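Listed in order, the protein sequences are those of chains A and B.
For the first sequence, our numbering assigns the number 56 to the initial residue and increments by one for each residue that follows.
For the second sequence, our numbering assigns the number 9 to the initial residue and increments by one for each residue that follows.
Where is the CB? At the ideal position from N, CA and C, for every residue including glycine.
Note that the structure is a prediction, hence the values are computed from the model and not measured.
Take a look at the structure set out below.
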Amino acid sequence: KAGVTQTPRYLIKTRGQQVTLSCSPISGHRSVSWYQQTPGQGLQFLFEYFSETQRNKGNFPGRFSGRQFSNSRSEMNVSTLELGDSALYLCASSLVVGQETQYFGPGTRLLVL
Amino acid sequence: DAKTTQPNSMESNEEEPVHLPCNHSTISGTDYIHWYRQLPSQGPEYVIHGLTSNVNNRMASLAIAEDRKSSTLILHRATLRDAAVYYCILRSSQYSGGGADGLTFGKGTHLIIQP
Numbered sequence: 056k057a058g059v060t061q062t063p064r065y066l067i068k069t070r071g072q073q074v075t076l077s078c079s080p081i082s083g084h085r086s087v088s089w090y091q092q093t094p095g096q097g098l099q100f101l102f103e104y105f106s107e108t109q110r111n112k113g114n115f116p117g118r119f120s121g122r123q124f125s126n127s128r129s130e131m132n133v134s135t136l137e138l139g140d141s142a143l144y145l146c147a148s149s150l151v152v153g154q155e156t157q158y159f160g161p162g163t164r165l166l167v168l
Numbered sequence: 009d010a011k012t013t014q015p016n017s018m019e020s021n022e023e024e025p026v027h028l029p030c031n032h033s034t035i036s037g038t039d040y041i042h043w044y045r046q047l048p049s050q051g052p053e054y055v056i057h058g059l060t061s062n063v064n065n066r067m068a069s070l071a072i073a074e075d076r077k078s079s080t081l082i083l084h085r086a087t088l089r090d091a092a093v094y095y096c097i098l099r100s101s102q103y104s105g106g107g108a109d110g111l112t113f114g115k116g117t118h119l120i121i122q123p
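Rendered as structure tokens:
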């Protein structure tokens, strides 16, 4: 079974631009979570989607948003990029609601110049 | 989620057992103890989890103290491929409103394996 895939793997943007990252969960997984990883703050939870609805959200500004499609694929969007948004963005999928194990993708490395 | 405390780094030799400690003195009765690891340039990877009893799987063993205030991840025979950051995470078995609560990662333990 294919793992979690994320596209693109690397991205360079400039301040003020917006970016959309994509995540395809493991087949049959319906929950998708997003995380941001930076050297200073470590791994932080952004939000989680299940059945096309955002169920949980971490402590991030409204510039960070996401959505989930009927096939469970998910996208996250960051508008008005800031230098501090440079990070590794990780997507994780889970089988069902309340499933404890999350399976992570390789991440998208975003550099904001 | 309750807080966990882990050593910043540990070093071990290849082919020797490794014991990675985690303290979680404020753990609640419904909290599971999870371990994930992150190899260089990869996303985190699930290792093992447990509630009260010790657990074994093909990757590792999890030893949980009787009072559940601490646990130890045991790699029985470390290889160079086990060099990674290991995260001990508590997750409540009670989910409110559906959906999976986000994992709360601390700084983890950076495991160094010497050949």
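Candidates the options, of which the one nearest residue i by Cα
i: residue 74 of chain B; options: B/99, B/118, B/19 and B/33; result: B/33
i: residue 98 of chain A; options: B/114, B/121 and B/119; result: B/114
i: residue 170 of chain A; options: A/59, A/77 and A/57; result: Look at the range of chain A in this structure, 56 to 168, and you will see that residue 170 of chain A is not part of it.
i: residue 72 of chain A; options: A/168, A/162, A/95 and A/135; result: A/135
i: residue 26 of chain B; options: B/78, B/97 and B/69; result: B/69
i: residue 142 of chain A; options: A/149, A/123, A/164 and A/116; result: A/164
i: residue 97 of chain B; options: B/67, B/17 and B/59; result: B/59
i: residue 89 of chain A; options: A/83, A/139 and A/61; result: A/61
i: residue 144 of chain A; options: A/130, A/70 and A/156; result: A/130
i: residue 89 of chain B; options: B/50, B/30, B/112 and B/76; result: B/50
i: residue 95 of chain B; options: B/24, B/35, B/64 and B/52; result: B/52
i: residue 109 of chain A; options: A/83, A/58, A/84 and A/122; result: A/122
i: residue 126 of chain A; options: A/58, A/59, A/57 and A/83; result: A/83
i: residue 11 of chain B; options: B/42, B/28 and B/19; result: B/42
i: residue 168 of chain A; options: A/146, A/140 and A/114; result: A/140
i: residue 58 of chain A; options: A/85, A/158 and A/115; result: A/158
Bridge-paired residues (DSSP) for residue i
i: residue 163 of chain A; result: A/144
i: residue 131 of chain A; result: A/76 and A/121
i: residue 21 of chain B; result: B/122
i: residue 14 of chain B; result: DSSP, once it has assigned bridges, lists no residue as partnering residue 14 of chain B.
i: residue 57 of chain B; result: B/42
i: residue 100 of chain A; result: A/90
i: residue 29 of chain B; result: B/80
i: residue 111 of chain A; result: A/103
i: residue 71 of chain B; result: B/80
i: residue 62 of chain A; result: A/77
i: residue 92 of chain B; result: B/119
i: residue 99 of chain B; result: B/40
Residue i: contacting residues in chain A (beta-carbon distance under 9 Å)
i: residue 111 of chain B; result: 88, 90, 98, 100, 147 and 157
i: residue 115 of chain B; result: 97
7 Å Cβ cut-off: residues of chain B touching residue i
i: residue 162 of chain A; result: 51
Contacts that residue i makes with chain B (C-beta to C-beta distance below 8 Å)
i: residue 113 of chain A; result: 110
i: residue 130 of chain A; result: Those within 8 Å of residue 130 of chain A in chain B number zero; the least Cβ separation is about 17 Å.
Residue j beta carbon less than 7 Å from that of residue i
i: residue 47 of chain B; j: residue 92 of chain B; result: yes
i: residue 92 of chain A; j: residue 101 of chain A; result: no
i: residue 120 of chain A; j: residue 132 of chain A; result: yes
i: residue 122 of chain B; j: residue 16 of chain B; result: no
i: residue 57 of chain B; j: residue 40 of chain B; result: yes
i: residue 87 of chain A; j: residue 80 of chain A; result: yes
i: residue 54 of chain B; j: residue 156 of chain A; result: yes
i: residue 111 of chain A; j: residue 110 of chain B; result: yes
i: residue 78 of chain B; j: residue 31 of chain B; result: yes
Within chain A, partners of residue i - CB distance below 8 Å
i: residue 54 of chain B; result: 156, 157 and 158
Residue burial classification, residue i (beta-carbon count within 10 angstroms, cutoff 16)
i: residue 124 of chain A; result: exposed
i: residue 120 of chain B; result: exposed
i: residue 63 of chain A; result: exposed
i: residue 138 of chain A; result: exposed
i: residue 94 of chain A; result: exposed
i: residue 96 of chain A; result: exposed
i: residue 83 of chain B; result: buried
i: residue 106 of chain A; result: exposed
i: residue 81 of chain B; result: buried
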